[in-house]
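The structure under discussion appears below in the form of structure tokens.
In our numbering, the protein residues as written are 1497 to 1779.
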């Protein structure tokens, strides 16, 4: 049961992380090509990276195993790490988030009746426009973290949500930190304070991730191509091990380690000799 739980925890984290990565990379690339600027500033991406790597890993990897794990078949030795269901979730949620973000980037100033952040002069103060883009991205990331708890196509994503205190404490703390960053981050985080209406819209786009998740879950996984499952592979057979055709990874790793040590010592010896010759020359 614990083995399945560890496997599920890794899969949950991968599903969440890959979705964030796909969205962030595409937004940065399209922004650089279309408006010669990135809607998400470097320090904002650092904050998103902290949410994605550190906080999400603690939240998603600390869930305790449940009896439902025993109702499923154990994972096979060649089971893919990213299943077709996970690939469907990653691509489906990335599509929704990219659709919302591009709509805000290229038409958000008309919807919110604010000044456009596109083509802003260099060293101009942070704009409400791109702050809304950043805040919406974080809201969708946070709510997608709830979706990422389910990797087998479960419909009820709230099952067991409050059974892990670490998860919801981190989630709430991240939300509070985001509020402070947007309202008081200023030039440090390249943000402008938003009003209540703008905040409600950002939250609405974030909650929309949960509703969109139900649509993605409705798509049958059986109809998806099998090559959408990633990470599976063949296992070395016992016959190869007994016949001597199998090389122990530990032996290979040890051999590589010895080579690195020899290279390091040789380089150190060369440097010492060089310094000694320089000292003799100066003397």
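Ideal Cβ positions, reconstructed from N, Cα and C, are used throughout, including at glycine. Since we're looking at a predicted model, the values are computed, not measured.
Check: Residues bridged to residue 1726 (per DSSP); Outcome: 1578
Check: Delimiting residues of the alpha helix (DSSP H) encompassing residue 1631; Outcome: 1624 to 1643
Check: 7 Å CB neighbourhood of residue 1628 in its chain, flanking five on each side removed; Outcome: 1600, 1604, 1608, 1690, 1694, 1698
Check: Residue 1505 beta carbon less than 8 Å from that of residue 1725; Outcome: no
Check: Through-space distance from residue 1509 to residue 1749, alpha-carbon basis; Outcome: Because the pLDDT at residue 1749 is just 46, under 50, the model does not fix this residue reliably, and the value given afterwards should be weighed accordingly. Looking at the two C-alpha atoms, the distance is approximately 28 Å.
Check: Boundaries (first-last residue) of the alpha helix (DSSP H) holding residue 1545; Outcome: 1538 to 1545
Check: Contact check, residue 1558 vs residue 1662, beta carbons under 8 Å; Outcome: yes
Check: Cβ neighbours of residue 1667 in the same chain (closer than 6 Å, five flanking residues each side left out); Outcome: none
Check: Straight-line Cα distance separating residue 1706 from residue 1655; Outcome: 14 Å
Check: Span separating the alpha-carbon of residue 1647 from that of residue 1529; Outcome: 34 Å
Check: Limits of the unbroken alpha helix (DSSP H) element including residue 1554; Outcome: 1552 to 1556
Check: Between the CA atoms of residue 1623 and residue 1534 - distance to the nearest angstrom; Outcome: 13 Å
Check: For residue 1610, the nearest candidate out of 1597, 1626, 1644, 1714 (CA to CA); Outcome: 1626
Check: 8 Å Cβ cutoff met for residue 1516 and residue 1560; Outcome: no
Check: Enclosing alpha helix (DSSP H) for residue 1671 [first to last residue]; Outcome: 1661 to 1680
Check: Test item: CB-CB of residue 1512 and residue 1650 under 8 Å; Outcome: no
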